[in-house]
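*Asks:* Attaching a single structure in structure tokens format; questions to follow.
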Amino acid sequence: MDLVNLIRSSYDDCGVMFSESWYKVLKMEIKITVYIYICIALLTLIVIGWYIFYKRWQRNKERQLMLQAQIRGSSTGAAGDMTGLRFRKRDKMLFYGRRMLRKVKNVSGQVYGGQGRKRKAVMRFAKRILQLRRENIPTLLNTVEPPAEYLQETTEGGERVPPDALYMLQSIRIFGHFEKPIFLKLCKHTEVLTLEPGDFLFKITDSDDSVFIVQSGLVHVFISNADGSTLSLKTVKKGESVTSLLSFIDVLSGNPSFYKTVTAKAMEKSVVIRLPMQAFEEVFNENPDIMIRVIQVIMVRLQRVLFTALRTYLGLNSELVQSHMRIKKSAGASILKTSPLHRRSTHPDSVQHSLSDFMPPPDMLVDLAHDTERHMGIQAALPNSQPAGNGSASGAGATGGGGGGQHTLANSRANSIGNLVTRRYSLIHAEALANAATAELASLRGYALDSFLRELGLPEEDRAFIDSYVELSEVEPNVALISEGNVDDICIWIVLTGALNVYQSNVDVTRTVQKECADVFIYTVHPGEIVGGLAVLTGEASTYTIKAKHVTRLAFIRRPGVYAIMRERPRIVLDLGNCEVRRLSPLVRQCDYALDWVFLESGRAVYRQEENSDSTYIVLSGRMRSVITQASGKKEIIGEYGKGDLVGLVEMITETCRTTTVMAVRDSELAKLPEGLFNAIKLRYPIVVTKLISLLSHRILGTMQTRHGSTAAPLEANPVTHKYSTVALVPVSDDVPLTAFTYELYHSLCAIGPTLRLTSEVVRKQLGMHIFEPSNEYRMTSWLAQQEDRNTITLYQCDSSLSAWTQRCMRQADVVLIVGLGDHAPTVGKFEREIDRLAMRTQKELVLLYHESSSSKPKNTLQWLNVRPWVTKHHHLQCPRRMFTRKSQYRINDLYSRVLMSEPNMHSDCSRLARWLTGNSIGLVLGGGGARGAAHIGMLKAIQEAGIPIDMVGGVSIGALMGALWCSDRSVTTVTQKAREWSKKMTKWFLQLLDLTYPITSMFSGREFNKTIRDTFGDVAIEDLWIPYFTLTTDITASCHRIHTNGSLWRYIRSSMSLSGYMPPLCDPKDGHLLLDGGYVNNLPGK
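For the sequence shown, position 58 matches number 58 in the UniProt record's numbering, and the numbering has no gaps at all.
Shown next, in the form of structure tokens:
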């Protein structure tokens, strides 16, 4: 048309050349031709689009039919609602065609020559027509039921020991482990008592100097009140004992006590074995090291049961101690009557804490008023002393007496307790010391030495011996001598002038986040009194914060000095323990009578399901497992308990039968608190009821949150906590650098708390070459128990063979770490199977080591786990290069002696494992939110810049994608790059249009969405991620949520991101259930 117009405009005689009619015809023809081409092009596009859509729809339909067939063959129940589907002719043709092709394939594999090639070509052509594809089913983790021994108690083996000896052995074990000759010596002093119903085993005013073991019958222990009423403490059954650890210390330290409020009466004809506590005197004289160990065991158990458990779970603080220390009977009181302040016979803070009403004390009881006069007399006897209420003290110091062991207050500035920068001791200057009166200073130091000699039970001849260990200092008001939890600045202090206040933090176990609150005041230490002995004896951290109330003068001996004196004078441990006992309130002694100490071998049950709940237990050492037996007979793990946990409390409070069976995973020791003791405490201290209600409410709330489906968990359910006290390390093969790895783990654990590494060489060096012989069994057990008490966690490095030390490690371990090399074959050797047989009930975890310089990621983890069904968890660790260098044992020790002097890297994989073992792991949970999930990358970057390590990750919906990216690469740069690439793919609108489908279940088929996720992660399993990972989905088949910690990574991420109506649900390859977005049930699974 443009050409015609151009000609007409160029020539005036155009009408002659082209008539008007010809022009109209030409114009019309050109227009029709253009329209025809446009229509043809549009029709072609429509046909192509329809063809593509049809082919994709056909493929998806075929895939669904194949999946339905698999489900129908594997699970009748899951596919029961699919029986009504129509089997079309096309599907029938595809079915028979594929079956014929499979036959052709089998035949073609046996034919050679040209005919075989033709058949293969025909088969390839038929595959294209029938869309025959290879099934790509991911490798699944083999879930094997644990062996019967793992969940079942042991009922055999106790008949080898005679009943009498067995009861004696169990009762004497509360004082520690004795070798057989010592045990026989103690048994020679036993006496058998026969009681008729109503006979008293002991009553008020009887001497408290024996251990009683009930061989048969029942004995009732109760408290007598002033009005004649009684309060039941416990009923002693066959095999149980009646004794007090506090009375044991009293008797052996030369300060025997008497029964003041506690009485024991036979309820039926009973036979009781009596063991005088004095029988231990002969044993301790011959074996002083045993005496020290026994007192340490007693003080550790008292601290854990009375000062930790009762305080933590019942809220008792100041009720456990007296405001004044009882007078030591062996100490003289010559200065008391000369004091002008002796008329102050009572103290305003003096409160008698007891479960019984106040009774006039018999003649043999200590008069607290006389004890108060002693404190005032001590203060008056000091040179230039002032009453404590004045709030000030003389600034004059004191120089030591003669001899090379003299210490001045100026010297104590250089050797002050702990770090003087943080402690801020106000010590006396050298100029002031030079101007002070020599006689006055000598008198002050002399009184300090007299006080230590008296409290430690040392004769006057040892004055020069302890003089070198005694130091003096003066402290300003409100200055802390030591803080609660401090393990470095442990001392024993004696107040010379002034006073000290003792505080304790207010801990609420029901709160996950502790509030900032003031410490609870416990008691005041007056002049002449000693404090700090408990932490010195136990070797653990201080349980108190001690501050100066006024300007206070102190004499102190550091813990190393106390141990040095103890090595030369072992009996001071008795007097030091007696100092702590004299501070305790009658309430503690009454609780001590009610306690039972239980020793359980591996596999033995504490209590069984459906039994009456008449007591609760505190785990002192070892590990317990709670198992429930369903109505069908199937056993299931409910929880585990470690050192310091309370077992069976909720059932006892609610007065219900036992809902589970609790058994010992390894050799364990427990303290049994009877129901009568709890009732007595509740009546005397109502505040305990509030504490118990809070504890019970949180237990019930936690049980409701951990329910799965409609199955109700028992009230006493305690989730399996990963806080271990003992860890055994076992190599898979000789190629594993176990020694270097143990050093690396030890280095990381030291940053968390006191840690000990034990090997067979270390033990032989400490205890002798013959320590692993059967005759040294009790000595070995006692020493290991002592090391476990002193440290937060103990590492047992096993030998590469099944030696005696390896067997001992299996008996002591709370968890066994099986260490292997990730790039080696996942084979199981004979040694590893023997380890599983030895530690059948112990939890085992797999640790795979990788070179830090290697860029390869973990793989074949499923093969490692499938051949080891006894492994419950696995860890992937990238280790430094120094671990894999071939060196001798001497060079390894020398290398790590230098490494241990540096600070560990808290972001390393060994530190992550250390936090897991001690229960200090840091988890990150990423919630859903669609496109807003891109903000998760910024949060990851901020966390990394803040120096916070991430030990495990969970996610829902878009959070599942971002969390998996971090667990796979652990690099913000890589995560950002991969997330950007995935987001660009998701914004391609033409791919989304091609993914549109007929909206029966969703608008999109999900094919392109699946491809983007699969291209991002590949065929990687969750087990192959560096960091533990989980995601949450909604199971619309079972109408519940599901947590995925293993399996195909991209499939479960896709399932967790499947928004209903937008994407179709994904079928779980494990059981065929349909999974949707986890945000429907929990968009932020932080609990």
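Note that beta-carbon positions come from the ideal geometry of N, C-alpha and C, so glycine has one too.
If you're wondering where the values come from, they're calculated on a predicted model, not measured in any experiment.
Assuming D814 contacts R625 (C-beta within less than 8 Å), just tell me the rounded distance between them.
*Replies:* With 8 Å as the limit, D814 and R625 do not qualify as a contact, their Cβ atoms being about 11 Å apart.
*Asks:* Smallest Cα separation from E1008: which of L458, L1025, R1054, E62?
*Replies:* The shortest C-alpha separation from E1008 is found at R1054.
*Asks:* Per DSSP, what are the beta-bridge partners of N501 in this structure?
*Replies:* Note: N501 sits in a beta bridge opposite T524, K547.
*Asks:* Take the Cβ of S853 as the centre, count every other Cβ of all protein chains shown within 10 Å, and call the residue buried at 16 or more, exposed below.
*Replies:* Exposed is the call here.
*Asks:* If we call anything under 7 Å between Cβ atoms a contact, is D614 one with E675?
*Replies:* Going by C-beta atoms, D614 is nearer than 7 Å to E675.
*Asks:* If R912 and D951 are in contact, beta carbons under 8 Å, what's the gap, nearest whole angstrom?
*Replies:* Between D951 and R912 the Cβ distance is about 5 Å, and since that is below 8 Å, they are a contact.
*Asks:* Within a Cβ cutoff of 7 Å, which residues of the same chain sit near T742, ignoring the five residues on either side of it in sequence?
*Replies:* L729, R757, L795, Q797, listed in sequence order.
*Asks:* Apart from the five residues on each side of it in sequence, which residues of its chain come closer than 8 Å, Cβ to Cβ, to H874?
*Replies:* Within the same chain, H874 has close Cβ partners E845, L846, V847, L848, T861, W864, L865, E1023.
*Asks:* Assuming Y850 and Q878 form a contact by the criterion Cβ under 8 Å, report the distance between their Cβ atoms to the nearest whole angstrom.
*Replies:* Sure, about 5 Å apart at Cβ, within 8 Å.
*Asks:* CA-CA distance, K765 and R811?
*Replies:* The straight-line gap from Cα to Cα measures roughly 21 Å.
*Asks:* Kindly indicate which residue of A555, V551, V588, L537 has the alpha-carbon position closest to the one of A564.
*Replies:* Closest option to A564, Cα to Cα, is L537.
*Asks:* Helix, strand or coil: which one does DSSP assign to D909?
*Replies:* Reduced to three states, the DSSP call for D909 is helix.
*Asks:* Would you report the Cα separation of V598 and E611, rounded to the nearest angstrom?
*Replies:* If you take the alpha carbons of V598 and E611, they lie about 18 Å apart.
*Asks:* By a C-beta neighbour count over all protein chains shown, 10 Å radius and 16 as the cutoff for buried, is R980 buried or exposed?
*Replies:* So R980 ends up on the exposed side.
*Asks:* Straight-line CA distance for L917 to L500?
*Replies:* The alpha-carbon atoms of L917 and L500 are separated by roughly 38 Å.
*Asks:* In whole angstroms, give me the CA-to-CA distance for F248 and D209.
*Replies:* Looking at the two C-alpha atoms, the distance is approximately 7 Å.
*Asks:* Which residue's Cα is closest to the Cα of P942: L924, V956, I46?
*Replies:* This sequence places Ala at residue 942; Pro is not what is there. When each option's Cα is compared against that of A942, the closest is L924.
*Asks:* According to DSSP, what are the bridge partners of Y796?
*Replies:* DSSP lists A728, L758 as partners of Y796.
*Asks:* Measuring only the C-alpha atoms, how far is N255 from I771?
*Replies:* N255 and I771: Cα-Cα distance of roughly 37 Å.
*Asks:* Among T781, L456, K978, which has the Cα closest to the Cα of R293?
*Replies:* Among T781, L456, K978, the Cα nearest to that of R293 is on T781.
*Asks:* Enumerate in chain order the residues of its own chain whose CB-to-CB distance from M299 is below 8 Å, with the five nearest sequence positions on each side excluded.
*Replies:* Excluding positions up to five away in sequence, the list reads L534, L537, T538, G577, E580.
*Asks:* Would you please state the rounded distance, in angstroms, between the beta carbons of L996 and M986? I believe it to be under 8 Å.
*Replies:* About 15 Å separates the two Cβ atoms, so there is no contact after all.
*Asks:* Which residues bound the alpha helix (DSSP H) around F884?
*Replies:* Per DSSP, F884 belongs to no alpha helix (DSSP H) and is neither H nor E.
*Asks:* Count the other CB atoms within 10 Å of the CB of A398; is the residue buried (16 or more) or exposed (fewer)?
*Replies:* Interpretation of A398 is limited by its pLDDT of 34, a score under 50 that renders its predicted location unreliable; the figure taken from the coordinates is listed afterwards. Buried, because 16 or more other Cβ atoms sit within 10 Å of the Cβ of A398.
*Asks:* Around the C-beta of V214, are 16 or more other C-beta atoms found within 10 angstroms, so that it is buried, or is it exposed?
*Replies:* The residue is buried, with at least 16 neighbouring Cβ atoms inside 10 Å.
*Asks:* Can you name the start and end residues of the beta strand (DSSP E) that Q215 belongs to?
*Replies:* Looking at the DSSP string, the run of the beta strand (DSSP E) that includes Q215 is 210–216.
*Asks:* Closer than 8 Å by C-beta to A448: which residues in its own chain qualify, once you throw out the five before and the five after it? Chain order, please.
*Replies:* Only V470, L472, I494, L496, A555 meet the Cβ criterion.
*Asks:* Using a Cβ-Cβ cut-off of 6 Å (strictly less than) and excluding sequence neighbours within five positions of Y593, which residues of its own chain qualify?
*Replies:* Hits under 6 Å: S244, V262.
*Asks:* In whole angstroms, what separates the C-alpha of R886 from that of N893?
*Replies:* Whole-angstrom Cα-Cα distance: 13 Å.
*Asks:* Give the DSSP bridge partners of L670, in chain order.
*Replies:* DSSP, once it has assigned bridges, lists V598, V619 as partnering L670.
*Asks:* Where does K203 fall in DSSP's three states?
*Replies:* Residue state, collapsed to three classes: coil.
*Asks:* Relative to the C-alpha of R841, which candidate in G1078, K859, V816, G561 has its C-alpha closest?
*Replies:* Closest by alpha carbon: V816.
*Asks:* Alpha carbon to alpha carbon, what distance is there between D1071 and H747?
*Replies:* For H747 and D1071, the distance between alpha carbons rounds to 44 Å.
*Asks:* Note the first and the last residue of the continuous alpha helix (DSSP H) segment covering G561.
*Replies:* Taken as a continuous stretch (DSSP letters only), the alpha helix (DSSP H) holding G561 covers 559–568.
*Asks:* Do you know whose CA, among E945, C967, Q944, lies nearest V953's CA?
*Replies:* For the residues E945, C967, Q944, the minimum Cα distance to V953 belongs to C967.
*Asks:* If distances are taken between C-alpha atoms only, which option among Y1080, S668, I653 comes closest to residue 1105?
*Replies:* Beyond the ends of the chain as shown, which are 1 and 1087, falls residue 1105; an answer cannot be given.
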